[in-house]
Structures are given as structure tokens and as C-alpha cells.
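K.L.:
Each residue of the sequence shown is one higher than the last, beginning at 1 in full-length UniProt numbering. Note that CB positions come from ideal geometry on N, CA and C, so glycine has one too.
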Amino acid sequence: MNPTLSPDAARDAPPGPGDALLLVDVQHDFLPGGALAVPQGDRVLAPLQRCLAAFARQGLPVFATRDWHPAAHCSFTAQGGPWPPHCVAGSAGAAFPQALQWPPGATVVSKGTETGQEAYSGFAGTELAAQLKAAGVRRLFVGGLATDYCVKSTVLDAREHGFDVVVLRDAVAAVNVQPADGEQALGAMAQAGAALRDSAQALG
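#1: On the CB-based measure, 16 or more other CB atoms within 10 Å of its CB, does Thr154 come out buried or exposed?
#2: Locate the beta strand (DSSP E) running through Arg169, then write down its first and last residues.
#3: Roughly how many angstroms lie between the CA atoms of Glu114 and Pro84, to the nearest whole one?
#4: For the beta strand (DSSP E) that Phe55 lies in, which residues bound it at each end?
#5: Starting from the C-beta of Asp198, find all residues in its chain whose C-beta is less than 6 Å away, skip the five residues before and the five after it, and write them out in chain order.
#6: Could you check if Gln117 is buried or exposed, using at least 16 other CB atoms within 10 Å of its CB as the buried criterion?
#7: Smallest Cα separation from Ala35: which of Ala95, Gln58, Asp19 and Ala46?
#8: With a 10 Å radius around its C-beta and 16 neighbouring C-beta atoms as the bar for buried, classify Thr147 as buried or exposed.
#9: Since Val109 and Leu128 should fall inside the 8 Å C-beta cutoff, what is the C-beta to C-beta distance between them, to a whole number of angstroms?
#10: Which term fits residue 205, buried or exposed, when burial requires 16 or more other beta carbons within 10 angstroms of its beta carbon?
#11: Between the Cα of Pro47 and the Cα atoms of Val172, Gln40, Gly193 and Gly187, which residue gives the shortest distance?
#12: Between Val167 and Ala106, what straight-line distance do the alpha-carbon atoms span, to the nearest angstrom?
#13: In three-state terms, what does DSSP make of Asp19?
#14: Quick check for students: name the residue ranges of the alpha helix (DSSP H) that lie wholly in the region 95-169, counting only runs of 4 or more.
#15: Hey, Val44 and Leu52: beta-carbon distance below 8 Å or not?
#16: Whole angstroms are fine: how far does the CA of Pro32 sit from the CA of Gln40?
#17: Output needed for Gln184: all residues of its chain with C-beta closer than 8 Å, excluding positions within five of it in sequence on either side, in chain order.
#18: From this set, Gln98, Leu100, Leu145 and Ala99, which residue's C-alpha is nearest Ser121's C-alpha?
#19: The alpha helix (DSSP H) that contains Leu186, what's its start and end?
#20: Report yes if the CB atom of Gln27 is closer than 8 Å to the CB atom of Cys74, and no otherwise.
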């Protein structure tokens, strides 16, 4: 990201030095057929793969968060939580889909690894902020699942940590427990200062 650009122009610039791609929880259990499937969650795969390829071509860093829960995690219904068991560490449901081709050196950040602690945000209880700063990252391009939960929480925390954020609108999908949850989440992220761009527009 060119530091000589104005703030608005810099936010709209295509990926470059100082930028990273962050994929949030694109795991089998959140895709169609999974234990906690996001409706039409698989529509994020094609735009995310385009972004992975674009960042790989430029040698820009790629990060991915994943739910990596113990079998008795507090978010599961059997423990009084709101969700069915999902993304149990080491399970097939916790794996990334083969449709995504990761570049060498991509950094995977596991979250929700403690039995008694929920973690929607990729920054919750992880070293993600420190890892991004160590890599010289100032701006994040973010896509993944789900818009109204882990994507929103991760983006809001990224803004709190001082990162510029571009949310890839065509590369996120919402649970929509209430019909407008996804749109409200996008609005909350924009209000926090994140830019909302389709992937083709964001890649330039």
C-alpha cells in the first residue's frame, strides 16, 4: 500500500507491499453439507481462490483463521452453547476445502482452542495481531465465513488494532439467523472504517 497516497486513495489501491489476505474460517463444517453450514457458503470459494492466486503472484502474505475446538467446547449445545458440534480439532469438518490452493508460507491461526472460551474473532486469544505486525502488514483484505459472526468480529478487532481493512463482499456469506443479519454486519464493519469491495474491484 503506497504511503504517499491520500487515505481514501490508499484504501482503494490494489494489493501491494504492506497488504495481506486474511481468510476467516473457510472450513468444511461451515460449507454446504457441514455440521454448521452457512447458506450458500460455497459461493465464497471462487473469489477467494482468485485472491489467493493474486496475492501469491505478488509474494504478499496470506493468513487463515480456523475454528479448532476441543470436543467439549463451550459453544456446543451439549455444553449449553448455541451451536451444534463443529470444527473439532483434527476432524474432517475442521479441514480447509481442497478447492482453495494455499501458497507456500501461508500462516494458519487456530482459535477457540480452549474448552471454556468462545472466539469468534481471529484476534481472540491468538497471536494474529503480533504476526501481522511482524510481517509489516498495514492493510487486510478479508473474506470468509460467516459475515455476521466471525468475519464481523475479526474485522472489528482488526480496526481496533489499527489495521486498514477491505472486506471482500462477494467472498463472504452470512448465517442470517435473522434475515438482515448479514447486511447489518456489513454496515457495522463499514461504520468501523472498513471498505466494502467486490474482489474484482479490490484486486484492481
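P.N.:
Taking the geometry as given:
#1: buried
#2: Asp164 to Ala173
#3: 17 Å
#4: Looking at the DSSP string, Phe55 is not in any beta strand (DSSP E); the run it does join, the alpha helix (DSSP H), is Leu45 to Gln58.
#5: Arg169 and Asp170
#6: exposed
#7: Ala95
#8: buried
#9: 5 Å
#10: There is simply no residue 205 to check, as the chain begins at 1 and stops at 204 in what is shown.
#11: Val172
#12: 19 Å
#13: strand
#14: 128-134 and 152-160
#15: no
#16: 7 Å
#17: Asp148
#18: Leu145
#19: Asp181 to Gln191
#20: no
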